Amino acid sequence: MDNTISRLNRYTTLPILLDMLERKKLTLLNPILWEDRNDAEIILEYKNRKGVDNLFALCFSHNDETLHHWKTYSNGPSGCVIEFDAKKLFAILNKIPGLKHGVVDYKKLPEIEKTKVEINAMPFTKRWPYRVEEEYRIIYETNEKMDFFEIDIPLNIIRKVTISQQMPQQIYNTIKEHLKGTSKNPDGRISRSTLYENKRWINGFKRM
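Counting from 1, position 146 in the sequence shown corresponds to residue 1153 in my numbering; the numbering is continuous, with no gaps.
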């Protein structure tokens, strides 16, 4: 856990957001299904070395939004990002036995070839090309038979929800009203991304 982190961003899609708001749960899934085979294979190696039957994970970003985050994890009109209050979330995570969380460390190939990575650091280590993600990872280890692991959360740990700018305005208006009813959030906590068209940025150049 890093005490300097004040927020955690979860880039996802509208169905995941709606499920989380309705059931008030964070769902950790089996990372063996991850597209990044570098990451999935390291997790498998870690499980084997630790003698753990099951491991589930959930990933966040701990810094500003980037085009990479949106394109990779929240692409399309149903994309969204959920900003959590990190300290409130950490307080919940720290009470769960078998759960670990921390900042991901990005290493170059020569470092891995020359320096041994400690076993407990393996799930929090990724290749250098992924450093733009600035990932914060939660993992849960268990020998119980289960397909996923869920964490109960109060909705007040959510600071705000940002919807993809690719969602048409009229659909966004409908979705926003639905989210306000579901999460009891005021207008200021639900907004639409300005990543692809930011009027302040554009107008700044027009005034030059």
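Built from N, CA and C at the ideal position, the CB exists for glycine as well. Here the structure is a predicted model, which is why all the values come from computation and not from measurement.
- In the structure shown, residue 1088 adopts extended strand secondary structure according to DSSP, grouped into three states.
- Spatial neighbours of residue 1124 in its own chain (CB-CB distance under 7 Å, excluding positions within 5 residues in sequence) are listed in chain order as 1132.
- In the three-state DSSP reduction, residue 1168 falls in the strand class (E or B).
- Ranked by how close their Cα comes to the Cα of residue 1015, the residues 1178, 1196, 1142 have 1142 in first place.
- Taking 8 Å as the cut-off, the Cβ atoms of residue 1060 and residue 1127 do not count as close.
- The straight-line gap separating the alpha-carbon atoms of residue 1067 and residue 1107 is approximately 14 Å.
- By DSSP's assignment, residue 1156 forms a beta bridge with 1035.
- Beta-bridge analysis with DSSP links residue 1068 to 1016, 1142.
- Going by C-alpha positions, residue 1158 is about 23 Å away from residue 1188.
- In the structure shown, the three-state DSSP call for residue 1211 is helix.
- In the same chain as residue 1156, and ignoring 5 residues on each side of it, the C-beta atoms closer than 6 Å to its own belong to 1035, 1063, 1147, in chain order.
- Take the alpha-carbon of residue 1205 and the one of residue 1079: they are about 21 Å apart.
- In this structure the segment 1082 to 1090 lies against the segment 1172 to 1182, because at least three pairs of beta carbons, one per stretch, are closer than 8 Å.
- In this structure, DSSP gives residue 1151 a state outside helix and strand, which the three-state scheme calls coil.
- Under DSSP, residue 1198 forms a beta bridge with 1169.
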